[in-house]
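Here is the structure we will look at.
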Amino acid sequence: MNTFQAMVLDQVNDQTKLEIKQLSMDDLPQGEVTIRVAYSSVNFKDGLVAIQNQFVETYPLVPGIDLAGTVIESKDEQFKTGDEVIVTSYQLGTGHFGGFSEIARVPAEWVVPLPKGLSLKEAMILGTAGFTAALAVQRLEDNELEPGQGPVLVAGATGGVGSISVNILAKRGYDVVASTGKSNEEAYLKGLGAKQIIKRNEIIDTDQTPMREEKWAGAIDPVGGKTLQYILSTLKYGGSVATCGLTGGVEVSTTVLPYISRGVNWLGIDSVECPMKQRLKVWNRLGDDLKSTMLHADMVNEISLKELPEVLTDILEGKVRGRTLVKL
Numbered sequence: 001m002n003t004f005q006a007m008v009l010d011q012v013n014d015q016t017k018l019e020i021k022q023l024s025m026d027d028l029p030q031g032e033v034t035i036r037v038a039y040s041s042v043n044f045k046d047g048l049v050a051i052q053n054q055f056v057e058t059y060p061l062v063p064g065i066d067l068a069g070t071v072i073e074s075k076d077e078q079f080k081t082g083d084e085v086i087v088t089s090y091q092l093g094t095g096h097f098g099g100f101s102e103i104a105r106v107p108a109e110w111v112v113p114l115p116k117g118l119s120l121k122e123a124m125i126l127g128t129a130g131f132t133a134a135l136a137v138q139r140l141e142d143n144e145l146e147p148g149q150g151p152v153l154v155a156g157a158t159g160g161v162g163s164i165s166v167n168i169l170a171k172r173g174y175d176v177v178a179s180t181g182k183s184n185e186e187a188y189l190k191g192l193g194a195k196q197i198i199k200r201n202e203i204i205d206t207d208q209t210p211m212r213e214e215k216w217a218g219a220i221d222p223v224g225g226k227t228l229q230y231i232l233s234t235l236k237y238g239g240s241v242a243t244c245g246l247t248g249g250v251e252v253s254t255t256v257l258p259y260i261s262r263g264v265n266w267l268g269i270d271s272v273e274c275p276m277k278q279r280l281k282v283w284n285r286l287g288d289d290l291k292s293t294m295l296h297a298d299m300v301n302e303i304s305l306k307e308l309p310e311v312l313t314d315i316l317e318g319k320v321r322g323r324t325l326v327k328l
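Per full-length UniProt numbering, the sequence shown runs over residues 1 to 328.
Now the structure itself:
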């Protein structure tokens, strides 16, 4: 393949443009591993990059913070032609050409062998969202969360991280309470395994009360802002919240009271620079005991590169449910 298609974000005279272009192998950045991309996926961060131009380190740029495909050339002995692999995070799709391309070239230290138990398509249904959800579950359990301790809250439950979190937690035996601003998604969330659905405005801190009635044994929070404030004030004694997103804002107002009176834990989840040892462990668990049961259900929508710009806009407006795959 001498030329191939990619979605390219470029800047000319302070104006940015997102369009499909024909690229050649010479257009690709430096890296030891060249991959024929089978699937990428659409994340909230991709919308921030491609539509709002946040996190962009250089132009032109091929966005897409996730990809899965087959190695077509490798200068690193860890990988050989024909190997199926995953690449997520690091500078992929922000400072280095990413997954919205039929061909990608990346540093070998970013590459994860496809875990047993996952296909390339399943790996991208999961993608950064699934990896983040699984990392959050692992961190919660590392901090002594176990089934039977009480309800576990998932905020932003119809999003990518939220949907997969609901499903993984339910599979592991937790009583999941799913919060959403979408009144018509109750059947979807119960299908993922949620025991109870609550409205988004029920878990927003409107008066900066530092401590409320204890409710949650644990929580996964892809939202931040005033939602996180509420969660921190309602965790049970010794409970933990894993924060992994900022769709509700980056500013959080809290006090020391929940931490010193109830011993709660606020756990930060970073999928971008997660060390490879931990990354491999979580990915392997995603193909095994943390594997979602909904990888072929209505959680998944598949699109082409041509349809991508509209979906990138929709995801920023909260109109995307579950996971959207880009088939290359």
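Just so it is clear, CB atoms sit at the ideal spot from N, CA and C, and this is done for glycine as well.
Note that the structure is predicted; figures quoted are calculated from it, not measured.
Any idea if Tyr39 is buried or exposed, counting beta-carbon neighbours within 10 angstroms, 16 or more meaning buried? Looking at its Cβ environment, which holds 16 or more other Cβ atoms inside 10 Å, Tyr39 is buried.
Every unbroken beta strand (DSSP E) inside the region 226-304 [3 residues or more]: Counting only runs of 3 or more, we get 235-243, 265-268 and 300-303.
Do Ile35 and Ile72 have their beta-carbon atoms positioned less than 8 Å apart in this structure? Yes.
Taking the C-alpha atoms as reference points, what is the distance between Leu126 and Arg323? Annotation: Leu126 to Arg323 spans about 8 Å, alpha carbon to alpha carbon.
What does the alpha-carbon distance come out to for the pair residue 336 and Tyr90? Because the chain is modelled from 1 through 328, residue 336 falls outside the range shown and cannot be assessed.
Closer than 6 Å by C-beta to Gln208: which residues in its own chain qualify, once you throw out the five before and the five after it? Chain order, please. So the list reads Ser253, once near-sequence residues are dropped.
Got a sec, what are the start and stop residues for the alpha helix (DSSP H) Gln208 sits in? Counting along the chain, Gln208 falls outside any alpha helix (DSSP H), and DSSP gives it neither H nor E.
Is the Cβ-Cβ distance between Ala155 and Pro222 less than 8 Å? In this structure, Ala155 sits near Pro222, with a CB-CB distance shorter than 8 Å.
What does DSSP give as the partner residues of Phe44 in its beta bridges? DSSP, once it has assigned bridges, lists no residue as partnering Phe44.
Between Ala187, Ser240, Asp205 and Trp110, which has its C-alpha nearest Ala217's C-alpha? In terms of Cα proximity to Ala217, the closest of Ala187, Ser240, Asp205 and Trp110 is Ser240.
What span of residues does the alpha helix (DSSP H) with Val137 cover, start to end? Its alpha helix (DSSP H) spans residues Leu120 to Asp142.
Residue ranges of each beta strand (DSSP E) run of no fewer than 3 residues wholly in the region 67-124, ordered along the chain? Runs of the beta strand (DSSP E) lying entirely within the region 67-124, each at least 3 residues long, are 84-88, 103-106 and 111-113 in chain order.
For Asp289, which of Leu23, Asp76 and Val137 has the nearest alpha-carbon? The alpha carbon of Asp289 has as its nearest neighbour, out of Leu23, Asp76 and Val137, the alpha carbon of Val137.
For Val154, which of helix, strand or coil comes out of DSSP? Val154 falls in the strand class under three-state DSSP.
Is the region 302-319 touching the region 138-145, taking contact as three or more C-beta pairs under 8 Å? No: the two stretches stay apart, fewer than three of their Cβ pairs being nearer than 8 Å.
Below 8 Å between beta carbons: does that hold for Ile204 and Thr227? Yes, they are a contact pair.
Gln100 vs Val62 beta-carbon contact at 8 Å: Sequence inspection shows Phe at residue 100; the Gln mentioned does not correspond to that position. Yes, they are a contact pair.
In the DSSP assignment, find the unbroken beta strand (DSSP E) run with Glu19 in it and report its ends. It spans Gln15 to Ser24 - the beta strand (DSSP E) in which Glu19 sits, taken as one unbroken run.
Check for me: the beta strand (DSSP E) holding Val176 runs from which residue to which? Residues Val176 to Thr180.
Run of the beta strand (DSSP E) containing Thr324, from where it starts to where it stops: Residues Arg323 to Lys327.
On the DSSP bridge list, what partners appear for Gly218? Within the DSSP bridge table, the entry for Gly218 names Val152 and Ser240 as partners.
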